[in-house]
Amino acid sequence: MRFGGLTAVEDFNLELAPGELVSIIGPNGAGKTTAFNMLTGVYNPTTGAIDFAGTATHRLPPYRIARLGVARTFQNIRLFKDLSVLDNVRAAVSFRAGYGLAAGMLHVGKFARRETTIRAEAEQLLAIFALGARQHELARNLPYGDQRKLEIVRALATQPKLLLLDEPTSGMNPTETVATRDLIAQIRRDFDLTVLLIEHHMSVVMNISDRIVVLDGGKTIAVGTPHEVRTNPRVIAAYLGEAA
Amino acid sequence: MPTLLRRACLLLATVALLGAINEGLTRVGVTYRNTDTEDLGKLPLLVRLAGNPYNVQILIIAGVNIILAVSLNLINGITGQFSIGHAGFMAIGGYAAATLTKFIGPRLIEALHLSPLGAANVLLPLALVLAALAAALAGLLVGVPSLRLKGDYLAIVTLGFGEIILVLIVNIEQIGGARGFPDIPLYTNFFWVYLMAVATVATVRNLMMSAHGRALMAVRDDEVAAEAVGINTTLYKVAAFVMGSAFAGMAGALQGHFIQSLHPNSFSFLKSVEVLVMIVLGGLGSLTGSIFAAVSLTVLQEVLRELPGVMWCAYGLVALGAVTAYPRYTARRPLFAINVALAVTLVWLLFHFGAGELEARKQYLRMIVYSFMLIVLMLQRPQGLLGRGEVSLDWFRRIARRRGGKPVAA
């Protein structure tokens, strides 16, 4: 992926097995979020291909990729701030509303039946993540931790097969970080998902990852199990600087 | 299907109610016109108000403005796309409808042997459909290229579009050109305007409370996130824009068949701004806010016309007093400065020219005060009167609950 003269990510090569949890780590500017943006169609890669469950996705618009089953959260939270918590989740279901624009304008046809289902589905999801009590509040009024959580719930509402989490614990204190780590493990188990995680907290990464990809300056410098990565000299150099 | 049946009943009830009011207005109007000027004071107040053709005109223009404001709110407030060319779509609808009723209308009347009343009730709906379709088509042509892009391109394109439409109209001799489209039959009445207003509000409200409406609001709040949850943002933006344009076209048709002429000047950029002011004032994204602002601004503009010149000076002094007495105002330096300047100017004008001169110049003062009120409101409530809230039965219920549920202090 190149932006003018800047090559943000190059030779990024990763294959995910179903159910796997892979973390991408690396210093700031390593190209982690750019990789996410390519996977979700925000950017089209300058060269190379992306294949998701047999579909080439690297030329598809973001909404098509989302409908195929790739959901994501954002590094700086991007909720629908002026919608209620419930509507944030319901908005993520709108692409499979099951009724057309005309039925929506007149509230006829499948409208009532589908809306009941959609609402039940959204409420159930919110209840799982203990946000049910706050479902009528505006998303902007939620505390920070709950906003992060709501973003994950919203992503899950699209019924993804692959979930991309962009720094889900950024800005959190140690207690919240541990809680989020457990949450990710729980989601992966309960929703039968493949998870790709960008994370800076090593306690989280080392604990829950099956594999870790280390990026630096847009290049992949190491791939392996947490143990392999931890002992890799190039990773240590990238993180701690070259030994003098 | 029970919902369908309920909808049909609701529609019938609305039609009956509006029809009854329309009939009442017509009868009262006849009474009013048949009464001698000196005897008018003896009529009951309601008859005097509802019979006065000037008041009825304000009522109908207010209805047209409701359609305009609610439809622009669908584009700007609900979908978050900044359109400033609403008058252009209004013009397209108005001219398309007038072309139909004036050039094809007489032939249809002859072929179908329509009575004058029948002509209105057959031709106006046809004209409305044509107006909506024509404006929707124009909306599609403008919307598709500009809404595919992210950012504020729509504002620039709609601004240009509004001007292009006016130039086109001015150069088509068959529809009157710069002189305007004359002698359009009078088909619009209270019934049709408010039926269309109810239809517009109901459609947009239903849409907002559906999955598609939530998709529109998601696009408004965060386009990137909306795409990421599977919402085809371009499609929804274009759909909202086309729908908004169609309603604007209808409003244009209603206005044309009420005023009985169309003039390019009445669809200038100023008209677009007027509608924009309504929705910003009522609250972007609030339907009841739009309705309220559309009605009150229509009425306010007329009331200000009637106010005697001295009142402006009184207003200036009151404003100055209110401003200085209200601590939040004084904290806002620019507002304070504007208010002081206005008050001083008005008082100076009064002493310099005298009340009689001011009376003669009140046409200009009207716009100054009008814009001044808008400035005050925007500084005080930048989110508009209602923000994104709605006044509904639910709202009243919530207030009642809060009152009732409040724990009594010991």
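Residue numbers (our numbering), protein chains in the order written: chain B, 1 to 244; chain R, 1001 to 1410. Ideal Cβ placement from N, Cα and C applies to all residues, glycine included.
Legend entry - Where the beta strand (DSSP E) containing V22(B) begins and where it ends: Here residue 22(B) refers to the residue found at position 22 of the first sequence. Taken as a continuous stretch (DSSP letters only), the beta strand (DSSP E) holding V22(B) covers L21 to I25.
Legend entry - Proximal residues to F36(B) (C-beta, below 6 Å), its chain only, five neighbours per side dropped: Here the question's residue 36(B) lines up with position 36 in the first sequence. Closer than 6 Å at Cβ, skipping near neighbours: L164 and D166.
Legend entry - Inter-residue Cα distance where the pair is V1157(R) and A1091(R): For this step, residue 1157(R) is matched to residue 157 along the second sequence. For this step, residue 1091(R) is matched to residue 91 along the second sequence. Using only the alpha carbons, I get a separation of about 16 Å.
Inset, instruction - Anything in the segment 1023-1048 of chain R with a Cβ closer than 8 Å to a Cβ of chain B? List those residues in chain order, please. - result: none
Inset, instruction - Quick one: which unbroken alpha helix (DSSP H) runs of 4-plus residues sit fully inside the segment 1103-1181 of chain R? Chain order, please. - result: 1105-1112, 1116-1147 and 1153-1170
Inset, instruction - Show which residues of chain R have a CB atom less than 9 Å away from the CB atom of D82(B). - result: Here residue 82(B) is taken as the residue at index 82 of the first sequence, counted from 1. Chain R residues near D82(B): M1217, R1220, D1221, G1285 and R1388.
Inset, instruction - Report yes or no: is there a C-beta of chain B within less than 8 Å of the C-beta of T948(R)? - result: What is shown of chain R runs 1001 to 1410, which leaves residue 948(R) out entirely.
Legend entry - Among V108(B), I187(B), H136(B) and A139(B), the one whose alpha carbon lies nearest that of Q159(B): By one-based count along the first sequence, residue 159(B) stands at place 159. Measuring from the Cα of Q159(B), the nearest candidate turns out to be I187(B).
Inset, instruction - Report yes if the CB atom of L1046(R) is closer than 8 Å to the CB atom of N1055(R), and no otherwise. - result: In the second sequence, the residue the question calls residue 1046(R) occupies position 46. In the second sequence, the residue the question calls residue 1055(R) occupies position 55. Against a cut-off of 8 Å, the Cβ pair of N1055(R) and L1046(R) comes out as no contact.
Inset, instruction - Please determine if the segment 1034-1042 of chain R and the segment 1193-1212 of chain R are in contact, where contact requires at least 3 C-beta pairs separated by less than 8 Å. - result: no
Inset, instruction - Indicate whether T1058(R) and E1302(R) have their beta-carbon atoms separated by less than 8 Å. - result: The sequence position of residue 1058(R) within the second sequence is 58, counting from 1. The sequence position of residue 1302(R) within the second sequence is 302, counting from 1. Note that residue 1058(R) is Ile in the sequence shown, not Thr. Their beta carbons are under 8 Å apart, which means I1058(R) touches E1302(R) by this criterion.
Inset, instruction - Starting from A120(B), trace the alpha helix (DSSP H) both ways and give me its first and last residue. - result: Residue mapping note: residue 120(B) aligns to position 120 of the first sequence, counting from 1. Where A120(B) is concerned, the enclosing alpha helix (DSSP H) stretches over F111 to I128.
Inset, instruction - Return the CA-CA distance between A92(B) and D1221(R), expressed in angstroms with no decimal places. - result: As a working note, residue 92(B) is residue 92 in the first sequence. As a working note, residue 1221(R) is residue 221 in the second sequence. Cα-Cα distance, rounded: 13 Å.
Legend entry - C-alpha distance - F74(B) paired with I24(B), whole-angstrom precision: As a first step, residue 74(B) must be located in the first sequence, where it is residue number 74. As a first step, residue 24(B) must be located in the first sequence, where it is residue number 24. So the two alpha carbons sit approximately 14 Å from each other.
Inset, instruction - Spell out whether any CB of chain B is found under 8 Å from the CB atom of S1210(R). - result: What you label residue 1210(R) is simply residue 210 of the second sequence in a count that begins at 1. True, the Cβ-Cβ gap to chain B drops below 8 Å.
Inset, instruction - Kindly say whether A1008(R), judged by its beta-carbon, lies nearer than 8 Å to any beta-carbon of chain B. - result: Reading the second sequence from its first residue, position 8 is the one you call residue 1008(R). Taking Cβ atoms only, chain B never reaches closer than 8 Å to A1008(R), which makes this a no.
Inset, instruction - Could you tell me the distance, in whole angstroms, from the CA atom of I118(B) to the CA atom of R90(B)? - result: Looking up residue 118(B) in the first sequence gives position 118. Looking up residue 90(B) in the first sequence gives position 90. Those two C-alpha atoms are separated by around 7 Å.
Inset, instruction - Identify whether R2(B) lies in helix, strand or coil by the three-state DSSP scheme. - result: In the first sequence, counting from the first residue as 1, residue 2(B) sits at position 2. Note: R2(B) maps to strand in three-state DSSP.
Inset, instruction - Verify the CB distance criterion: does E1173(R) have a CB-CB separation below 8 Å to chain B? - result: By 1-based counting over the second sequence, the position of residue 1173(R) is 173. No, E1173(R) does not count as interfacial toward chain B.
Inset, instruction - Compute the distance between the beta-carbons of V1238(R) and G1143(R), then report whether it is under 8 Å. - result: Numbered from its first residue, the second sequence carries residue 1238(R) at position 238. Numbered from its first residue, the second sequence carries residue 1143(R) at position 143. Their beta carbons are under 8 Å apart, which means V1238(R) touches G1143(R) by this criterion.
Legend entry - Contacts that T40(B) makes with chain R (C-beta to C-beta distance below 8 Å): Against the first sequence, residue 40(B) aligns to sequence position 40. Those are A1228, listed as they occur along chain R.
Legend entry - CB contact below 8 Å: T1203(R) versus chain B: Mapped onto the second sequence, residue 1203(R) falls at position 203. Output row for T1203(R): interface = yes.
Inset, instruction - Answer yes or no: does any C-beta atom of chain R fall closer than 8 Å to that of Y43(B)? - result: Here residue 43(B) is taken as the residue at index 43 of the first sequence, counted from 1. Not one chain R Cβ lies under 8 Å of Y43(B).
Inset, instruction - Take G31(B) as the anchor and find which of M1(B), G132(B) and L16(B) has the nearest alpha-carbon. - result: For the purposes of this step, residue 31(B) is identified with residue 31 of the first sequence, where counting begins at 1. The shortest Cα separation from G31(B) among M1(B), G132(B) and L16(B) belongs to M1(B).
Legend entry - Selected residue, minimal CA-CA separation from P1125(R), among A1218(R), V1167(R) and G1093(R): For the purposes of this step, residue 1125(R) is taken as residue 125 along the second sequence, with counting starting at 1. Here the closest residue by C-alpha is G1093(R).
Inset, instruction - Grab me the residues of A1062(R)'s own chain with a C-beta within less than 6 Å of its C-beta, minus the 5 sequence neighbours each way, in chain order. - result: Residue mapping note: residue 1062(R) aligns to position 62 of the second sequence, counting from 1. V1295 and T1298.
Legend entry - Proximal residues of chain R, C-beta to C-beta of S282(B) below 9 Å: Absent from the structure is residue 282(B), since the part of chain B shown begins at 1 and ends at 244.
Inset, instruction - On a CA-only basis, which of H1212(R), T1233(R) and S1261(R) is nearest L1149(R)? Give me that one, please. - result: The sequence position of residue 1149(R) within the second sequence is 149, counting from 1. It is T1233(R) whose Cα lies nearest to the Cα of L1149(R).
Inset, instruction - Please list the partners that G217(B) has in chain R, where partner means a Cβ-to-Cβ separation under 9 Å. - result: In the first sequence, counting from the first residue as 1, residue 217(B) sits at position 217. Correct list: empty, because the minimum Cβ distance to chain R is about 26 Å.
Legend entry - Complete beta strand (DSSP E) runs within the segment 47-118 of chain B (minimum length 3 residues, chain order): 70-72
Inset, instruction - Please confirm if D87(B) has its CB atom under 8 Å from at least one CB of chain R. - result: Along the first sequence, read from residue 1 onward, the residue named residue 87(B) stands at position 87. It does; some Cβ of chain R falls within 8 Å.
Legend entry - CA nearest to the CA of L1281(R), picked from S1272(R), T1288(R), A1293(R) and K1271(R): Translated into the one-based positions of the second sequence, residue 1281(R) becomes position 281. Closest by alpha carbon: A1293(R).
Inset, instruction - Would you grab the beta carbon distance between A122(B) and F111(B) for me? Rounded to a whole angstrom, and I think it's under 8 Å. - result: Sequence index remark: in the first sequence, residue 122(B) carries index 122 (1-based). Sequence index remark: in the first sequence, residue 111(B) carries index 111 (1-based). Incorrect: roughly 16 Å between the Cβ atoms, too far for contact.
Inset, instruction - State the CB to CB distance for the pair T1288(R) and E1390(R), rounded to an integer number of angstroms; the pair is presumed to be in contact (CB under 8 Å). - result: The residue labelled residue 1288(R) in the question sits at position 288 within the second sequence. The residue labelled residue 1390(R) in the question sits at position 390 within the second sequence. Rounded, the Cβ-Cβ distance is 5 Å, consistent with contact.
Legend entry - Rounded C-alpha distance that separates A238(B) from V42(B): Counted from its first residue, the first sequence places residue 238(B) at position 238. Counted from its first residue, the first sequence places residue 42(B) at position 42. If I take the Cα positions, the gap works out to 28 Å.
Inset, instruction - Identify each residue in the segment 50-61 of chain B for which the Cβ-Cβ distance to at least one residue of chain R is less than 9 Å, and report them in chain order. - result: P61
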